[in-house]
Every structure is written in C-alpha cells, then in structure tokens.
Amino acid sequence: MTVAYHRKPVLWDVDYDAPPGSLVAIVGPNGAGKSTFIKACLGLIPAAAGTVEFWGKPYKHARAKIGYVPQRETVDWDFPVSALDVVCMGLYRKIGWFKPVRKIHRAAAMESLDRMGLADYANRQIAQLSGGQQQRVFLARALVQNADLYFMDEPFAGVDAATEAAIIDVLRELRKQGKTVIVVHHDLQTVPTYFDHAMLLNMRIVAAGPVSEIFTDENLHKTYGGRLTLLAEASEAVARAQQGQPTK
Amino acid sequence: MNPTLAQSVTPSLKQVHDEMPSLREVFDTVTLQSGFNTNAVIVAATLLGIAAGIIGAFALLRKRSLTADALSHATLPGITSAFLIASAMGLNARSLPVLLLGATISGILGVVCIHLILTYTRLREDAAIGIVLSVFFGIGVVLLSVIQSTATSSAAGLNHFIYGQTAAMLTNDAILMGAIALIAAVIAILAMKEITIVCFNESFASVTGIPASLIDGLILALIVLVTVSGLQAVGLILIVAMLIIPPAAARFWTDRVRMLIILSALIGALSGFVGASVSALLPRKPAGAVIVLCAGSIFVISMLAAPARGVIAQLIRHARLRLRIAIDHTLESKYEYPEQHKKRSFSLRAFLRVKGYTDSLHTTSALTQSGIARGRRVRRNHMLWEQYLISCADIAPSHVDWSVDQVEHILDEDLITRLENEIRASGHHLDSNLQETHS
Amino acid sequence: MISEQLRQYISFDLFPLTSAICVALSCGLIGNHLVLRRQSMMGDAISHAVLPGLVAAFLLASSRSPMVMFLGAGASALVTVGLIELVKRLGRVEPGAAMGVVFSVMFALGVLMLEQAAADHVDLDASCVLYGQLETLFFVAPAQWNELFSVDTLTHIPTQVSTLVGLTIIVITFKIVFHKELRIASFDPGLATTQGIHAGFITVLLMIMTAACAVASFEAVGSILVIAMLICPASTARLCTDRLSTQIKLSAVFAISAAIIGYLLASFAPEMLDMPSSLNAAGMISVVAGAQVALAAVASPSHGLIAKSRRQRELRKTIDIEDLIGLLYRAKETGSPRSTISSITPAMNTKDINQTITNAARQGLITHTDTTLELTESGLQTGAKIIRRHRLWEGYLVDQANIRLDNVHDIAEQLEHLPTDEPDSDIQIDPHGRPVPPQTH
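Residue numbers (the working numbering), protein chains in the order written: chain Z, 1 to 248; chain W, 1001 to 1439; chain G, 2001 to 2441.
Structural data, given as structure tokens:
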C-alpha cells in the first residue's frame, strides 16, 4: 500500500507479508514512516492506495486478534487512572459497550500486570511510575487482550535496562506461543539479538526478511545512508498539489 | 458608561448590620423551609451544579473546557433571533422553549463553525474558538440592539441570559435541571469506560473499536444541553464557570475517573446550594455570581489543602525531604569527623536534639547512640554507592560525589544488599570499612 | 463656517469612529502575536477578568477618570495573568481549564461588585461593559473652522478618545521598537533566549500590552469587541500571507477597514432599511471582522478554498492532457502514429475525454478528427519530455528506492507531472527496457 500522512505520501509501495510466529523489527531513520506503517495497518491513517489484510480479512474482522502498544509520548500521563485501570482498557472491547468492568476482568488485568512485574504498582496513578514502568503497563494492556498479532511502536524507547530485559522476555514468550510481534525499533545494535525477522524501511521497503539474510552493511547503508531527497521532495510536491497549494 | 457619583459609596456599618440575616432565617433557608420560591431556586441551582459538574468532568478529561466557553457565547445570536422571529410571527417571544431552541441551534452552529475553521484553514484551535466566540456574540449583540430599539418592554428579559436570573427559577426549571442531571449521571455510569479510554489514549481506543468521534459528539451534545439549560440560571458567561471549576477542583482530591466525576458533581451541588442560599439570604446579591464564587472558593481550598496534589501538601513533602537530607548530611559528617564542628542553623540543631540524635543543642554536641547508628548507616550507603559507581558503572571517580548526593538518601535495604552482592560479584574487594559497618 | 453636515459628523461620528479605529488598530496589531503564539484565549481571559478591577477602581476612587479606570483594570489584568500562571504551575492544571477558572471567578467577582455599586445608587451600566457605548461619545462641534483646533475645543475632546489615540501610538511604538524580539519570541522562544532576548520578558510585555488594549478599549467598545479585534484581523491576515511583516501590515488594514465599515453599517444601515434607530456599533464591527475571516478563508488568493480548488482543477486538467500526450507518444513508439479515440479512452483516467482532447488541441499539442488523434510537432516534444521524466523516475525508483518493477509504473505516473527536478541521469533504457527520450532543450 501507499500511505499518505496529511496527504503527503510517506510510504511508497509497501508490500509485506508478516511471517507467523516471529518477532519482526521495523527499523529506519526518523521520519522514514515506521510509525506510519503501523498506523496504516491498524486503520488509524487511511492508505492512499492499496489494502491491508489480516489472515485474509480486512481489519474490522480481525480486531479481536490484534494487540497494539502505542508510543509512550502519545499519552497525557497526568490522567487520573491507575496502572490497573490502564491494563483493564485492553479488555474493554471484550466487555462490550456500556457494561461495567467486573472483578473477573480486574483479576485478568492483575495477572497481566504481575507478568510484567508490576503487581505492587497496580493502584498507583500512572504519573508516579517511571518511564520503564509506564512502558510495561502499556505492554500489559496489550497482553491482556490475548491477541495473535501484536504491533508495538517503539516499546524500547527510553527505558531502563531492567525494563528492556522484561520486555524482551515477554516477546520471546509470545513467540514461543506462536504469536507474531511486529515492533518499531530504534536501536540497530540489538536487532540481531532480539529479533528474527526485520523490515528496513525508509519511505519504501529497502529489504525485508530474516535478519540473518537482510541485515547487511549494504542494506543498512541504503536505509540510513543515502537519504532519498529527490523522492522526499517529490512527496512534498504531491502533497502541495493535492491540497491546492501554490507550487513553489 | 455614565455613572453618577454617589453621595456615599461605601455603605455605612448600620446598613451592613441591617442586612445580615438572622440565624433563624439562615436555618430556614438551608433546610428548605423558607418559602416555595426560594426552595425552588435552591433545588434547581443544586441540580444544575450536579449536571454541570458531571458534564464538566467529561470536558476536562477531553481537554475541551474552552469549547464550552465558545458554545455559551455562541448561543446569544440564537436567543435574539428566536425572539425576533417569534415576535414577527406573533408568537409569545419570551417563551422559554422558543428561546432555548434558538440557543441550541446557534450553539451547535458555533461548534460546527469551529470544526470548519479547523478543517479547512490553517488557523489553530485557540484562534478558532476565539473567532467563533467573539463574532457570534457580536452578531447577538447587534440583534439585541435591534430588539432594544424597537422599544418593546418585553426585550428587557433577554439581558438576563447574559447575567442570569437565578432568583426567577421556578419548579419547571428545577425539573428541567433534575432531568438533565439524571441524563448526565446515567450516561456517566453507562459509558464511563468508553469515555475514559477515548480521553486517555485516542489511538488505542480506535484500534479497540471505540471511535473517538462518537464520544466527542456525545460529550458535545451534553455540553450543549447543560449550557442551554443553565443559561437562564447563571447567565451564559457563568455557566462556563460551572462547567470548568468543579472538575478542576475535584482533580486535586482524586486520581480516579469515577471519583473525579462524583466529586465534581458534589462540588457543583455544594456550590449551587450554598450560592443560592446565600443569595436568598442577602439581598441584591446575584445568585449566579455567588454560586461561581462559592465554586471558586472550593477550588482555592482544594488547590491548597488537598492531601496529595495540594500545594500545601507538596510544600510539606519538599520540606520534609530537605530536612531529612540535612539531617543525614549532618549525622554523616559528625560520624566521620567527630572533632570538626561546622556551623549549623539553630533549627537543625534543635531538631537533632529533639529526635535524640545528639546530646545537646550546641554546635559542639556529640552524637548519641542512635545518632551514631544512623550516621554510620548513611556513611555506609554513601561509600557503597561510590564504590558501585566506580567499580561497576565505570564512572570516573571525580564524578562520584555529584551523583551520590541525591541518590543515597533513597537507598533501601534491598537495594543495598544487591549493591554489595554486585560489588562482590564483579570481583572487587569490598572495603573493609564497609564490611565492618554492615549492620 | 463649518457646514452643518460636517458639524454633525464631527459631533456625532468623528470621535466614535476615531475610537473604533484606534481600538481596532491597537488590538489588531497586538493580536498578531497572540494568534501566532496560540494564546488567543488570553485575550478572552483578560477581557473578562478586567471587570472587577474596573469596578473596584471606580468604587474606591469615586471617579471615572480614565487614569483610575486604567489602573484598576490594569491591576486586574496583571493579577489575572499571574493567577493563571500560578494555577497552571502549582496546581498542575491544564492551561485551558486554568484560564477558565481564573477569569470566570474574576468575572463573577466583578458582577457581584457591579450589583453592589448599583445598590449604592451608583449608575454603572453593566451592559456597556460587555459591548460598550461607542455611540455616546458625543462632542459638540464648534461652528467656526478656526475654532476647531483651539485649545478650548481640544480640551473638550472626550477623554476616552485621547486615551485610545495615546494607546495606539504606544502600541505602534512598542511594535516598532521590539519588532525583532517579537518576531523571534513568537516563533522560537528557545532561539530567542540563546540570542540574549529573554523570551519570558517579551511574554510579560505582550501580556501587559494586551491588557492595556483591553482596558483602554473597554469603556468605548466593551469587552467583546476587544476579543474580536485581537483575533480576527490577525487571523484574516494569516490566511492571506506567509510572511510576518506582510501579515502585520495586512492585519492593520483589515482592522481599520472593519472598524470603518462596521461603524458605517451600524450608523446608516437602519436608516436605509427603514428601522428605527442605530445598531450597536461594536457588535457590528466584530461581525464585519468575522465576515473578513470567512471571506479570506474562501477567497484568499494564496490560502482560500476557491483558490485551492481552482489550482486542483488546473492540475487535474494538466495531468489529463499530459496523460493523453503520453499515451499517444507511446502508441507512436510502437508504430501507430495515429490513434483512435476509442482505443485511447479506456486507458485514460478522466471523466470527460472530449474536454481533454479539446484542451490539448487548443494548446496545439494534437490534431484531431472525429475519430482519430495525432500528435503535432510540439506535441511530440512535450510527449518526449513527459516520457523521459517517467522513465527516469522508473529508473530511479528501481535503482535507488528498491521499489519493485511491477509498481514503479504507477508511482512514476504520479511523479512525472510534478515540477520537481527529474532524476539526474544519463541512462538510456528504463527498467522495462524501453528507450529514454533524450533531453530536449
């Protein structure tokens, strides 16, 4: 699919089949469209062209099986909710419209928190948690959904070593259970250690496949080195034209 | 403005004394025995407080408080044109439903205009709200002058929409308020989690299948409902206050959404009740303003006195921490260098003495047993942390003091054991001092 | 002798009009920075919150001298700004809510004090606080020309007017003196501080100026017009240009014109429409200002909706023509210099193929009969250029961007129409194996 953000094409011709039961890292420079890719997959941003299918069906039908961990900065952490409340949000869909959150749901949420090592912090308001703990709360929220496919947007950004270890433990556990996890990752160094598949993204897919195969110097250079200024300029021009703005 | 100068501007004391209500009057009012009209007003105001409190909490969570401001100002052209149209058609132009219908339509139009500005131009939200607010109000003012110039006495009532005329509220108003409060409460109970998730994390909500636009529409509809109904009571400028102040005040007391909504409703109710009662007891005090001032006072009290988020509590916490750090520093240096006597403030010395850490108030005081124990502990932690930073975290020794100072005061036993183990595990020799002082 | 009409004008209209222009100009100029810094609502907050200060000043000093009013309202405004900051910082309250709390409580206080004043037989008309009484700036004009500028006459000018004129001069001076600082502080406070221009200081000054505008304008035009003039002319100007200096000048123009048109409409429209008396001038001016914003949103040559849609249509037309030329060129490449309309139509992505054909013919790019199309010389050249761009893009996309061969054509279809530089290349063959037309100069 081709994805445009505010009508500026950010991703050109991205075509990807995620292999089931794997941990996939999406890497690329800033502004390369990594978050855009995930958001387009989840229908948060409409694709200018192309389609997204999950197990052969459009997103609406697959919602129950898909988990999402958004970026930490997208949230106002001063919001009056506790860690447990946030994790319960993962169950809202299952609970259904207008029905209350029951003990059994809270128990499931508690279990998920415990899995992330945050059982003691369940009733703390989220601003009182450290960055790493907040990230783990987000993760717990996604886990409680018991999905088959997870999208995570920069879960390792700005977390301490302990949290990073905890997260990678969870990811490996998920893989063992046959789930697929697609992660936008910012740290090239850890990709070979943590992930088995990768997608090198810079406005288009440079390479995608098993890490051992595609994580070559040449590919990395193509992804990070030569910026596609011409393509970027062209994207700008398309955006201006579509919005009816005067051409520069 | 053509103010004529008064002979005496400040009322004489006797006047003030004459105006104070008797105790009996106060009691009657507060227990709703003061006559039907007064009761109706108090009940209606209280219910308005509840409704605005609940709905205002939603607006606060969604960060749309000022949209309510724009909306309330945008009702004026609707009210005035409804008046004009109704007069032209020969209907009773002052009938409330007619005017409120006009208010609702133009209020919604105002919100639509804000949305249009945001979607189709490069102007931002603050400018959009300000434009709609002032221009719509300007249209209303122009229409108002048309009405006033046609010199029908019936126009006088319209001014009350701006300032409110709570004292004129009757049973119908009370019922209307009650109904709205009930609707708001029901929606709050049913849709609490949907509203919470959309306000907290919009993208996650979308992914989970709860569309933000639906919830936004709901909240907006509620704001329109309570604004239009509250116009009569407190006036359009002050209804905004009832939507903003109670939830902001409630936020200081709680960290949970459900509690926030409940407290907001309570504070709103209290403001309404007290405000309307005070206004009934003291002559000539416009109820709307008094209600808002009540809410404002509750806000100030909350901001200062709330246990966790209140200013006073914060100041106390900071002071406590600084005190603890000062004590630890003092005890540590006295432990290490018992012969050195630094000058310390009297209050610090007094505190140390009172707590039993030193044996006298003098600068040259010596440590007691408990003082020695604590001083030793602090010293040990300090050295431990230094050691850790030097050996395990590869930080140059010159940087050590800088990092240690803040952290060492927060170490607990668990962490200390871990540190010791880590030092041993990395093959470094634990300083004999430390070993000996390990208690 | 001053003619009766002129005398009437000077008596009734000159000073209200001058006041209105002064208010509009001062607020309009200051408003630019509020809008750019996304602090438009501070204008709203300050306008509401000066009420208690005004009333208090009046009650305490028992005088309506503008100095007293000014001081009272100014104090009120500063207190408001300070309180809002306090509530935001100490209380960790969200900015919108903080503003709302402070100004509505202040306003309630003001209303209460007004009632108190009314009760004490002080005639402080509340409604004029909101929308002013521009119409009452009455002044008896002298009968003789030589009396017009005499000291005697000048001292009788309503004080509000001289205050406002003074304010306008101060505002203009402020803007000229601090132009650089305001510009940087509005766009990039961090940069400003590193350059030695204290961003916080500028903010405080700006707030003071806003308060001054609100306060001075109060008596004449009420609080609502102040808000409208702070936000609307600047917004209108913002929709017309991207440059700050142009925006400021335009905002002044829009502000003054709104004041004049609004005032004239308010004064004379009722007569023309056969209605009893005049409309509220302040309200009318804000309506005109709002109309200006709406007009700019639609009709602004650079950012307006009409211009945007026209540009989109133009682009669409050009793209269609170029697509047509491209198809014809490709057909010629494969040996059919003349193509039938019916064979071309399915490949064209346009609603009205005939219109496109007409347009292309009009530009001299093709010749056509009822059923066939053929490129002209100039058409051939244009075609070559387009196809060259297309194939160069295809090459670039495959080589540099690793787009798959199957998809490059569609993407290149989009890119070939853009005015950006085409990929620099000497390649002769595109990824599909077709020749790249050489550069024509």
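The beta carbon of each residue, even a glycine, is placed where N, CA and C say it ideally should be.
Keep in mind it's a predicted model, so treat the numbers as computed, not measured.
Under 9 Å from the C-beta of S82/Z: neighbouring residues of chain W:
Position 82 of the first sequence holds residue 82/Z. Chain W residues near S82/Z: D1255, R1256.
Length of the line joining the Cα atoms of L2025/G and L2114/G:
Sequence index remark: in the third sequence, residue 2025/G carries index 25 (1-based). Sequence index remark: in the third sequence, residue 2114/G carries index 114 (1-based). Between L2025/G and L2114/G, the C-alpha separation is close to 30 Å.
Given a threshold of 16 other Cβ atoms within 10 Å of its Cβ, counted over all protein chains shown, does M2272/G qualify as buried or as exposed?
Position 272 of the third sequence holds residue 2272/G. By the neighbour-count criterion, in which a residue is buried when 16 or more other Cβ atoms sit within 10 angstroms of its Cβ, M2272/G is exposed.
CA-to-CA distance, L1176/W to L1182/W, given in whole angstroms
Taking the first residue of the second sequence as 1, we reach residue 1182/W at position 182. Taking the first residue of the second sequence as 1, we reach residue 1176/W at position 176. If you take the alpha carbons of L1182/W and L1176/W, they lie about 10 Å apart.
Is it true that the segment 52 to 68 of chain Z meets the segment 143 to 156 of chain Z, where meeting means three or more beta-carbon pairs spaced less than 8 Å apart?
Per the Cβ contact rule, the segment 52 to 68 of chain Z is in contact with the segment 143 to 156 of chain Z (3 or more Cβ pairs under 8 Å).
In chain order, what residues of the same chain have a beta carbon less than 8 Å from the beta carbon of V2093/G, not counting five sequence neighbours either side?
As a working note, residue 2093/G is residue 93 in the third sequence. Excluding positions up to five away in sequence, the list reads V2087, V2101.
Same chain only: Cβ atoms within 7 Å of A1241/W, ignoring 5 sequence neighbours per side:
For this step, residue 1241/W is matched to residue 241 along the second sequence. Result list for A1241/W: V1292, A1295, in chain order.
By the DSSP assignment, the alpha helix (DSSP H) with H197/Z in it spans what residues?
Locating residue 197/Z in the first sequence gives position 197, where the first residue counts as 1. Here H197/Z belongs to no alpha helix (DSSP H); instead the beta strand (DSSP E) covers 197 to 201.
Starting from the beta carbon of G209/Z, find every residue of chain G whose beta carbon is closer than 7 Å, and list them in chain order.
Indexing the first sequence from 1 puts residue 209/Z at position 209. By Cβ distance, chain G contributes nothing, its closest Cβ being about 13 Å from G209/Z, past 7 Å.
On the criterion of 16 or more Cβ atoms from any shown chain inside 10 Å, does N2354/G qualify as buried, or is it exposed?
The residue labelled residue 2354/G in the question sits at position 354 within the third sequence. By the 10 Å Cβ count, N2354/G comes out exposed.
Interface residues of chain G around F1299/W at Cβ under 8 Å?
Here residue 1299/W corresponds to residue number 299 of the second sequence, with the count starting at 1. Chain-order list of chain G residues neighbouring F1299/W: V2101, V2105, by C-beta distance under 8 Å.
Identify which residue in Q177/Z, T163/Z, D217/Z has its Cα closest to the Cα of Q189/Z.
Translated into the one-based positions of the first sequence, residue 189/Z becomes position 189. Check the Cα spacing between Q189/Z and each of Q177/Z, T163/Z, D217/Z: the tightest is with D217/Z.
Short CB-CB distance (under 9 Å) between N2280/G and chain Z
As a position in the third sequence, residue 2280/G is number 280, starting the count at 1. Output row for N2280/G: interface = no.
For A2401/G, which residues in chain Z fall below 8 Å Cβ to Cβ?
In the third sequence, counting from the first residue as 1, residue 2401/G sits at position 401. Those within 8 Å of A2401/G in chain Z are W12, M203, R204, L228, L231.
For a cutoff of 9 Å on Cβ pairs, would you count V75/Z as touching chain W?
Here the question's residue 75/Z lines up with position 75 in the first sequence. Taking 9 Å as the CB threshold, V75/Z lines the interface with chain W.
What distance in whole Å lies between the Cβ atoms of L2264/G and I2325/G, which are believed to be in contact at a cut-off of 8 Å?
Within the third sequence, numbered from 1, the residue matching residue 2325/G stands at position 325. Within the third sequence, numbered from 1, the residue matching residue 2264/G stands at position 264. With 8 Å as the limit, I2325/G and L2264/G do not qualify as a contact, their Cβ atoms being about 54 Å apart.
Taking any Cβ of chain W, which residues in the segment 2031 to 2052 of chain G have a Cβ under 8 Å from it, in chain order?
Against chain W - using a Cβ distance shorter than 8 Å - the residues of the segment 2031 to 2052 of chain G are V2035, R2038, Q2039, S2040, M2041, G2043, D2044, H2048.
Where Y1357/W falls: helix, strand or coil (DSSP):
Mapped onto the second sequence, residue 1357/W falls at position 357. Y1357/W falls in the coil class under three-state DSSP.
Please report the straight-line C-alpha distance between V1400/W and E1386/W, rounded to a whole angstrom.
For the purposes of this step, residue 1400/W is identified with residue 400 of the second sequence, where counting begins at 1. For the purposes of this step, residue 1386/W is identified with residue 386 of the second sequence, where counting begins at 1. For V1400/W, the predicted model reports a pLDDT of 49, less than 50, meaning its position is unreliable; a value from the coordinates is still stated below. Take the alpha-carbon of V1400/W and the one of E1386/W: they are about 6 Å apart.
Taking the alpha-carbon positions, what's the A1221/W to D2044/G distance?
As a working mapping, residue 1221/W is identified with position 221 in the second sequence. As a working mapping, residue 2044/G is identified with position 44 in the third sequence. D2044/G has its alpha-carbon roughly 24 Å from the corresponding atom of A1221/W.
Confirm, please, whether the CB-CB distance from L2167/G to C2213/G is below 9 Å.
Here residue 2213/G corresponds to residue number 213 of the third sequence, with the count starting at 1. Here residue 2167/G corresponds to residue number 167 of the third sequence, with the count starting at 1. A distance below 9 Å separates the beta carbons of C2213/G and L2167/G.
For T1196/W, return the contacting residues in chain Z, with the cut-off set at a CB-CB distance below 8 Å.
Here residue 1196/W refers to the residue found at position 196 when the second sequence is read from its first residue. By Cβ distance, chain Z contributes V81, D85, M89.
Determine, for L143/Z, whether the minimum Cβ-Cβ distance to residues of chain W falls below 9 Å.
For the purposes of this step, residue 143/Z is taken as residue 143 along the first sequence, with counting starting at 1. L143/Z has a beta carbon lying at 9 Å or more from every beta carbon in chain W.
Check whether chain Z comes within 9 Å of A2307/G, counting only Cβ atoms and requiring the distance to be less than that.
For this step, residue 2307/G is matched to residue 307 along the third sequence. Yes, A2307/G lies at the interface with chain Z (some Cβ there is under 9 Å from its Cβ).
Examine chain G for any beta-carbon lying closer than 9 Å to the beta-carbon of D15/Z, and answer yes or no.
Within the first sequence, the letter at position 15 stands for residue 15/Z. Look at D15/Z: its C-beta is under 9 Å from a C-beta on chain G.
So, at 7 Å on beta carbons, what are the nonlocal neighbours of A18/Z in its own chain, with the 5 sequence-adjacent residues on each side left out?
To locate residue 18/Z, count along the first sequence from 1; it is residue 18. Its chain contains V24, T180, I182 as the residues whose beta carbon lies nearer than 7 Å to that of A18/Z, once the 5 sequence neighbours on both sides are disregarded; these appear in chain order.
Short of 6 Å in beta carbon distance, which residues of its chain neighbour L2014/G, apart from the five on each side in sequence? Order them along the chain.
Along the third sequence, one-based indexing puts residue 2014/G at 14. Excluding its 5 nearest sequence neighbours in each direction, L2014/G has no C-beta neighbour in its own chain below 6 Å.
Per-residue contacts from I1237/W into chain G (C-beta, under 9 Å):
The residue given as residue 1237/W occupies position 237 in the second sequence. For I1237/W, the chain G residues whose C-beta falls within less than 9 Å of its own C-beta are H2048, S2104, F2107, A2108, V2111, L2130, listed in chain order.
For the segment 2076 to 2093 of chain G, which residues have a CB atom closer than 7 Å to at least one CB atom of chain Z, in sequence order?
For the segment 2076 to 2093 of chain G, the residues whose beta carbon sits under 7 Å from a beta carbon of chain Z are, in order, R2092.
Is the Cβ-Cβ distance between S82/Z and R175/Z less than 9 Å?
Start at 1 with the first residue of the first sequence, and residue 82/Z comes out as number 82. Start at 1 with the first residue of the first sequence, and residue 175/Z comes out as number 175. No Cβ-Cβ contact shorter than 9 Å links S82/Z with R175/Z.
Determine the closest residue to S2245/G out of L2036/G, A2020/G, V2023/G, with distance taken between C-alpha atoms.
As a first step, residue 2245/G is located in the third sequence; it is residue number 245 there, counting from the start. Its Cα nearest to that of S2245/G, the residue L2036/G stands out among L2036/G, A2020/G, V2023/G.
Mind the definition here: the segment 1189 to 1197 of chain W touches the segment 118 to 134 of chain Z only if three or more C-beta pairs lie below 8 Å; say whether that holds.
The segment 1189 to 1197 of chain W vs the segment 118 to 134 of chain Z: no contact.
Counting along the chain, where does the alpha helix (DSSP H) carrying S1206/W start and finish?
To locate residue 1206/W, count along the second sequence from 1; it is residue 206. Segment 1202 to 1208, the alpha helix (DSSP H) holding S1206/W.
Between the beta-carbon of L2328/G and the beta-carbon of E2394/G, is there less than 9 Å?
For the purposes of this step, residue 2328/G is taken as the residue at position 328 of the third sequence. For the purposes of this step, residue 2394/G is taken as the residue at position 394 of the third sequence. Against a cut-off of 9 Å, the Cβ pair of E2394/G and L2328/G comes out as no contact.
Using a threshold of 9 Å, state whether the C-beta atoms of N2359/G and A2234/G are closer than that.
Along the third sequence, one-based indexing puts residue 2359/G at 359. Along the third sequence, one-based indexing puts residue 2234/G at 234. The answer is no: Cβ separation not under 9 Å.
For I95/Z, which residues of its own chain have a beta-carbon under 7 Å away from its beta-carbon, when the five flanking residues on both sides are left out?
For the purposes of this step, residue 95/Z is taken as the residue at position 95 of the first sequence. Excluding residues up to 5 positions away in sequence, V101, H105 lie with their Cβ nearer than 7 Å to the Cβ of I95/Z in the same chain.
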